[in-house]
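Those protein sequence lines, which keep their order, are chains A and B.
Just so we're aligned, residue 49 is where the first sequence starts under my numbering, counting upward by one.
Just so we're aligned, residue 10 is where the second sequence starts under my numbering, counting upward by one.
What follows is a single structure, written as structure tokens, with notes after it.
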Amino acid sequence: MVACFLTGFFFQCTDTFHPSNHPYAFRRPQNFPEPTYTFENNALTTAGVELGRALFYDPILSADSTIACASCHQQASSFSDPVHKLSRGVNDASGFRNAPAIQNMAFQNNFFWDGGITHLDFVPINAITSDLELGEKLENVVAKLARHNDYRVRFKRAFGTTDIDSQKVLHALSQFMSLMISADSRYDRYVRNEGEEFTNDEREGLKLFTAKCTTCHATDIFSDGSFRNNGLSSTFEKDAGRERVTEFPADRGKFKVPGLRNVELTFPYMHDGRFRTLEDVLNHYAHFVKDSETLDPALKESASPGIGMTTAEKAKIIAFLKTLTDRNFTTDRRFSNPFNNQSK
Amino acid sequence: MKKIHALIVAVVFSFSVSCSDDDADSANGPITLEFDNVVGTANLQLNTVDNPYTNSQGEAFKITRLVYYVSSIKLKKADGTIYVDPVSPDGSEGYYLIDEHDGSSQRVTLQNVPSGDYTEVTFTVGVDAAQVNQGAQTGALDPAKGFFWSWNSGYIFLAIEGVSPSSSEPDNIFEYHVGSYKEDAAANQVNNIRTISLTFNGDTAPVRAQHEPEVHVLFDVSKFFNGAGEQVSFSNNASRHSPKACEELSDNITASFIVDHVHAN
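Laid out in structure tokens, this is it:
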């Protein structure tokens with residue numbers, strides 16, 4: 049009863065004070081799990097999403113106004129960095145790990161290669177404050193935005209106040225990122241029976257993938273959200289992975305299982321960007337998995353570690369993986385650079 | 010437009026009035042918890058020129074920063090009734106950042122507490138999972154305040170920094186940042202949240218409408234450096250910024266707090 053009253057009140061309030069702001073519907077694709085994001089604390093609105101989009105593309109978030117989120121999370125690559133194994137931050141700093149794709153963020157329980165971040169709102173804090181990325185303090189971001197008349201107007205429209213704080217900055221970015229849903233690939237239209245046909249190779253690739261890969265790359269997000277050692281090293285001296293967060297030796301060399309949507313576009317692969325092509329990735333699993341104490345049990349099921357695949361099987365799996373490419377997502381104007389559109 | 014504004018104001022006003030009828034009891038009153046930081050019998054002074062303090066290992070030190078989060082405050086009456094300080098999902102209420110640099114932050118006044126004779130206080134040092142899982146916070150929990158781990162989400166519950174000639178860190182500094190709320194044995198996480206219950210040593214804090222008692226709580230740096238969890242030597246890993254590295258230290262937090270005295274006022 050109270051909730052109804054309050055909801056009604058907030059909508060009324062929003063509509064009254066800001067005629068240009070409206071609730072924005074979040075739609076879960078039918079083949080996706082329930083979202084994890086706390087929309088109850090941060091209801092999507094058109095102005096909130098649009099503000100988040102501006103912040104995502106604006107280098108004002110970085111220490112020297114040279115780097116934006118979008119610098120290393122490029123739409124054409126499903127919001128990953130196709131150029132660098134390790135992305136470049138302010139002062140040409142080299143990143144610590146490969147920039148992951150930003151897609152289907154509203155459905156995840158933890159973020160980054162080591163899962164140290166447990167809520168979408170906190171994801172930008174890491175990138176903004178890291179000396180290797182945007183190199184800026186949150187309080188400076190807030191101060192710079194507050195000096196900017198255009199942003200004062202945008203915050204007023206989105207949140208009803210020009211009193212900007214980091215919560216509103218993070219909420220706006222989450223509103224934008226939560227909508228970055230890739231669920232319109234050929235694979236999606238195939239499994240949803242929307243008239244899409246697979247070639248023989250793609251169909252067989254899907255079967256092989258289901259048999260050999262879905263222990264980890266589960267659900268239609270194509271990740272079970274777990275942390276696993278997939279045999280990239282036997283020592284992990286350069287990067288201990290999940291162990292950096294938990295400080296437990298049993299987590300050494302474990303990294304988050306990445307979702308595989310748009311995997312054709314999100315090269316280079318792995319936490320250190322060591323592989324350039326999908327062929328390299330499958331060759332790793334077929335031939336080059338390195339054993340260690342924490343190597344995932346799923347990779348220890350045969351005499352030699354790894355996943356047995358013939359050359360023909362690898363080609364079919366890759367044919368299937370390419371059906372996960374979603375060009376409607378990578379060209380969706382809602383997620384494009386708003387400042388480019390302005391200048392045209 | 011103006012009519013709608015007026016209508017909304019009226020609606021909100023009537024709502025808030027009806028809502029607060031219960032707790033805006035004329036018999037309710039305020040109570041202040043003062044968090045004073047000491048080193049043994051001495052009041053803590055920050056940024057002293059020399060190193061006036063000595064730990065149990067005989068190592069001299071000074072303190073340059075002491076900050077901690079206090080939350081989930083509960084007050085208990087002699088009859089066992091418990092008052093819970095309300096917490097808001099966005100962190101704007103119920104969380105307090107106690108900073109030795111900022112005297113005003115050390116006085117936490119709870120308003121509108123039901124009248125009665127209180128004999129015990131319970132509080133948490135830190136910010137628990139339920140709150141962090143709500144996402145971006147404001148007020149005392151605004152991550153821009155600098156007590157949020159960007160790489161391992163969650164708040165720094167307690168930060169104590171200083172200098173000791175015994176530290177082998179650059180410039181002989183020491184930094185202990187205690188945090189981590191993630192209790193999940195399967196996922197190998199540690200929970201350094203500590204909840205502290207302190208009686209008023211037989212005294213009572215009488216809360217009345219126009220009567221503001223003060224409870225003086227002390228945090229003793231000496232006890233923090235020499236507790237049941239770990240007897241700190243500045244020569245051993247004096248720069249700690251991660252959950253597990255501070256697991257033993259977090260066990261020292263509980264015994265570092267005492268209620269020194271109560272002003273009935």
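Backbone N, C-alpha and C define an ideal beta-carbon position, used for all residues, glycine too.
**Message:** If I follow the unbroken beta strand (DSSP E) through B:E170, where does it start and stop?
**Reply:** 165-172
**Message:** Does the CB of A:T166 have a neighbour CB from chain B at under 8 Å?
**Reply:** yes
**Prompt:** Quick one, which of B:P98, B:G135, B:V48, B:L167 has its alpha-carbon nearest B:H250's?
**Reply:** B:L167
**Identity of the residues DSSP links to B:N46 by a beta bridge** = B:F228
**Request:** Between the Cα of B:V172 and those of B:S242, B:E256, B:D94, spot the shortest distance and give me the residue it belongs to.
**Result:** B:S242
**Asked** Closest Cβ-Cβ distance between A:I212 and chain B: below 8 Å?
**Response** no
**Message:** Quick test of the definition: if touching needs 3 or more C-beta pairs under 8 Å, does the region 330-350 of chain A touch the region 274-281 of chain A?
**Reply:** yes
**Item:** Contiguous beta strand (DSSP E) assignments of at least 3 residues, all confined to the region 216-265 of chain B
**Value:** 223-229
**Whole-angstrom C-beta distance between B:V136 and B:L150, which should lie under 8 Å** = 6 Å
**Asked** Under three-state DSSP, which class holds A:N188?
**Response** helix
**Request:** Note down, in chain order, every chain A residue with its Cβ under 9 Å from the Cβ of B:G144.
**Result:** Y85, T86, N89, N90, H167, L168, D169, F170, Q215, L218, H219, S222
**Request:** Grab the span of the beta strand (DSSP E) containing B:L106 for me, first residue to last.
**Result:** 104-108
**Prompt:** Taking the alpha-carbon positions, what's the A:C117 to B:F209 distance?
**Reply:** 52 Å
**Message:** From the DSSP secondary-structure annotation, give me the bridge partner or partners of B:P272.
**Reply:** The question names Pro, but residue 272 of chain B in the sequence shown is His. Its beta-bridge partners are B:E223.
**For A:G307, the nearest candidate out of A:R290, A:A259, A:K362, A:S230 (CA to CA)** = A:S230
**Asked** Shortest alpha-carbon distance to B:I262 belongs to which of B:T41, B:F234, B:Q66?
**Response** B:F234
**Request:** Could you name the residues that DSSP lists as bridge partners for B:I40?
**Result:** B:L119
**Message:** Taking a contact to mean a Cβ-Cβ separation below 8 Å, would you say B:A218 touches B:A36 in this structure?
**Reply:** yes
**Prompt:** Nearest to B:T131 by CA position, among B:Q115, B:N197, B:F157, B:F266, is which residue?
**Reply:** B:F266
**Prompt:** For A:F58 and chain B, any beta-carbon pair shorter than 8 Å?
**Reply:** In this prediction, A:F58 has a pLDDT of 41, which is less than 50 and means its spatial position is unreliable; what the coordinates show is noted afterwards. Not closer than 8 Å to any Cβ of chain B, the Cβ of A:F58 fails to qualify, so no.
**Message:** Just to make sure I have the definition right: I need the residues of chain A whose C-beta is within less than 9 Å of the C-beta of B:N121. Which are they?
**Reply:** Residues of chain A passing the Cβ test: none, with the nearest at roughly 20 Å.
**Prompt:** Just how far apart, CA to CA, sit A:R292 and A:I173?
**Reply:** 18 Å
**Message:** Can you tell me where the alpha helix (DSSP H) holding A:Y235 begins and where it ends?
**Reply:** 234-239
**Request:** Have a look at A:R75 and A:P297 and give me their C-alpha separation to the nearest angstrom.
**Result:** 40 Å
**Message:** Taking 8 Å as the cut-off, does the region 79-97 of chain A touch the region 191-207 of chain A (at least 3 CB pairs, one atom from each stretch)?
**Reply:** yes
**Prompt:** CB-CB under 7 Å to A:D272, same chain, minus the five flanking residues each way: which ones, in chain order?
**Reply:** C264, A266, V305
**Prompt:** Comparing alpha-carbon positions, which option in B:N46, B:G103, B:G112, B:Y185 lies nearest B:C255?
**Reply:** B:Y185
**Prompt:** Does the Cβ of B:K154 have 16 or more other Cβ atoms within 10 Å, making it buried, or fewer, making it exposed?
**Reply:** buried
**Request:** Name, please, each residue of chain B whose Cβ falls closer than 8 Å to the Cβ of A:T177.
**Result:** S159
**Message:** Ignoring anything shorter than 4 residues, give me the alpha helix (DSSP H) runs that lie fully in the region 134-216 of chain A, in order along the chain.
**Reply:** 171-177, 186-194, 197-207
**Request:** Select from the region 169-201 of chain B all residues with a C-beta closer than 9 Å to any C-beta belonging to chain A, and list them in chain order.
**Result:** K191, A196, N197, Q198, V199
**Prompt:** Helix, strand or coil for A:Y105 per DSSP?
**Reply:** helix
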